[in-house]
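What follows is one structure encoded as structure tokens, with my remarks underneath.
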Amino acid sequence: MAPLKVCLLLSLASVCLARPSDPYHAPPAYHAPVHKEEAKPYSYNYAVADAYAGVDFGHEEKSDGKAVSGSYTVQLPDGRKQTVTYNADHYSGNNAQVEYYGEAQYPHEYGPAITFKPH
């Protein structure tokens, strides 16, 4: 029985010691040099008003490279106009003020529900 124990002990020891002496390591990762580009001032605006399609919206924004400010407007389905004015920078974050102009108009009668027939 003793030779069997010795044989098992030697087998276990040889398995434990049979690892490579220099384990594989992944090559060092390459990181591109960091190129931080300074923000550049910009300004833009646009507006879309299409009475046939019932859309009316616009947006304007400007930046001095450090802070951004602007506003956008949209004609809501209930007849009101929504205007959002915002300012954003790295110190105070994003601040927005939302205003509504006009009164909401809701029709007294609704048309029939739109249904679609399956193919």
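Going by mature numbering (1 follows the signal peptide of the UniProt record, and there is no 0), the letters in the sequence shown line up with residues -18 to -1, 1 to 101, in that order. Cβ coordinates follow ideal geometry from the N, Cα and C atoms, glycine included.
For this session: Could you please give me the residues that DSSP links to GLU85 through a beta bridge?
Result: Paired residue(s): none; GLU85 is not in a bridge.
Problem set entry | DSSP state of LYS63 mapped onto helix, strand, coil | LYS63 falls in the strand class under three-state DSSP.
For this session: Quick one: give me the first and last residue of the beta strand (DSSP E) that HIS41 is part of.
Result: Where HIS41 is concerned, the enclosing beta strand (DSSP E) stretches over 37 to 45.
For this session: Output the boundary residues of the beta strand (DSSP E) element that contains VAL16.
Result: Here VAL16 belongs to no beta strand (DSSP E), and DSSP marks it neither H nor E.
For this session: Express the C-alpha separation of GLY47 and ASN76 in angstroms, rounding to a whole number.
Result: Cα to Cα, ASN76 sits roughly 15 Å from GLY47.
Problem set entry | Spatial neighbours of SER25 in its chain, beta-carbon cut-off 6 Å, leaving aside the 5 residues before and after | Taken in chain order, the residues that qualify are LYS44.
Problem set entry | Option nearest GLY40 by Cα separation, candidates LYS22, LYS63, VAL50, ALA21 | It is LYS63 whose Cα lies nearest to the Cα of GLY40.
For this session: Check whether the Cβ atoms of ASP60 and ALA86 lie closer than 8 Å to each other.
Result: Yes, the Cβ-Cβ distance between ASP60 and ALA86 is below 8 Å.
Exercise. So GLY52 packs on TYR68, CB below 8 Å; how close in whole Å?
Worked result: That pair is a contact at about 6 Å.
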